[in-house]
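Written below as structure tokens is the structure these notes are about.
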Amino acid sequence: MTTKTIIRNGLWDNNPALIQLLGLCPMLAVSNTTINALGMGLATTLTLLSTNLIVSLIRHWVRPEIRIPVFVLIIAAVVTAIELFMNAFFHQLYLILGVFIPLITTNCIIIARAESFASKNNPLDSSLDGLFMGLGFTAVLVILGAIREVIGFGTFLQQADLMFGAGSEWLTVTVFDGGFLLAIFAPGAFIGLGLLVALKNLIDNYQKTKSTKSIKVSITPSVTESI
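Residue numbers (this note's numbering): 6 to 232.
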């Protein structure tokens with residue numbers, strides 16, 4: 006598999022949030038603001054990157070019969086390290102995300118990439134797969150969080166200091182006063198994700214139609230010349 010294919014799969018063609026629909030629990034629960042979504046997305050990306058690299062490095066020494074428990078232990082160790090790091094340096098954000106940080110251990114995206122890709126490929130490709138699968142997941146999470154925050158709270162980058170430190174409050178933009186509260190609750194999360202999935206399908210269908218038309222146009226002159 007080429008590097009370009011790995012990158013495209015993670016960001017678009019096989020996006021874990023829009024195509025595989027994995028990791029829905031944390032994605033819908035913490036995406037009520039952009040900063041919360043960004044924090045969870047980066048934690049998940051770091052977990053994917055680290056886990057894929059470690060699994061790929063030890064893939065020849067792990068017996069097939071015990072590979073899943075071993076993968077889970079690796080994921081749990083990585084998530085614990087990330088949790089301690091966030092508790093130390095991003096304490097308020099850590100408190101807001103709460104139980105969803107340790108729940109990354111059971112996120113289907115992590116174990117799926119470890120089993121289906123990292124255990125069968127070299128460390129470089131596995132690291133790239135983890136990185137771009139994580140970035141693809143983070144991108145969807147941040148977009149969903151931004152949409153819900155703007156509609157639900159009327160702001161963008163609310164509580165930016167949780168991620169970027171003191172003095173970054175100026176990043177917060179007030180779009181309008183008040184908001185449509187449905188957007189910040191569970192129904193709003195499902196509706197927002199559904200719209201993003203529909204938008205991706207619309208773009209994919211448009212690209213397929215466009216490529217089909219271009220193929221027909223390129224074939225037609227050849228047929229005419231032969232006649």
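Glycine included, C-beta positions come from ideal geometry on N, C-alpha and C.
With DSSP as the reference, please indicate the residues paired to F161 in a beta bridge.
Paired residue(s): V178.
Go through the stretch 86-116 residue by residue and report every complete run of the alpha helix (DSSP H) that reaches 4 residues or more, in order.
With a minimum length of 4 residues, the unbroken runs of alpha helix (DSSP H) contained wholly in the stretch 86-116 fall at 96-102.
I think E2 touches P107, with their Cβ atoms under 8 angstroms apart; what is that distance to the nearest whole Å?
As displayed, the chain neither begins before 6 nor continues past 232, which places residue 2 out of reach and without an answer.
Beta-carbon proximity check, M32 vs L146, cutoff 8 angstroms:
In this structure, L146 lies closer than 8 angstroms to M32 by Cβ.
Residue environment, P69, which counts as buried when at least 16 other CB atoms sit within 10 Å
By the Cβ neighbour-count rule, P69 is exposed, with fewer than 16 other Cβ atoms within 10 Å of its own.
Since G139 and T50 should fall inside the 8 angstroms C-beta cutoff, what is the C-beta to C-beta distance between them, to a whole number of angstroms?
By a beta-carbon distance limit of 8 angstroms, G139 contacts T50. Their separation comes to about 3 angstroms.
Just checking my contact of I236 with I115 at CB under 8 angstroms: how many whole Å lie between their CB atoms?
With the chain covering only 6 through 232, there is no way to say anything about residue 236.
Going by C-alpha to C-alpha distance, which of L136, F137 and V178 sits closest to V155?
Considering only L136, F137 and V178, the residue with the shortest C-alpha distance to V155 is V178.
Secondary structure at L23, three-state DSSP: helix, strand or coil?
Coil at L23, not helix or strand.
Taking all protein chains shown into account, decide if V35 is buried (16 or more other Cβ within 10 angstroms of its Cβ) or exposed.
Answer is buried; the Cβ neighbour count reaches 16.
Looking at the unbroken alpha helix (DSSP H) that takes in L16, where does it start and where does it end?
Looking at the DSSP string, L16 is not in any alpha helix (DSSP H), and its letter there is neither H nor E.
S61, enclosing alpha helix (DSSP H) - first and last residue
In the DSSP annotation of this structure, the continuous segment of the alpha helix (DSSP H) that includes S61 starts and ends at T39 to I63.
Three-state secondary structure (DSSP) at R118?
Correct three-state label for R118: helix.
Just checking, does the stretch 157-172 make contact with the stretch 35-46 on the three C-beta pairs under 8 angstroms criterion?
Touching, yes, given that three or more Cβ pairs across the two stretches are closer than 8 angstroms.
Quick one: grab the DSSP three-state call for V228.
With a pLDDT of only 48 at V228, under 50, the local geometry of the prediction cannot be trusted, and the value read off the model is given with reservation. Three-state DSSP puts V228 in a helix.
Own chain residues within Cβ distance below 8 angstroms of F181, not counting five before or after
Here F181 has G159 as same chain residues with Cβ atoms under 8 angstroms from its own Cβ, once five neighbours each way along the sequence are excluded.
Under the three-state reduction of DSSP, which class applies to F137: helix, strand or coil?
Helix, per DSSP.
Pick out whichever of G199, S124 and T217 has its Cα sitting closest to the Cα of I73.
With distances taken between Cα atoms, I73 lies closest to S124.
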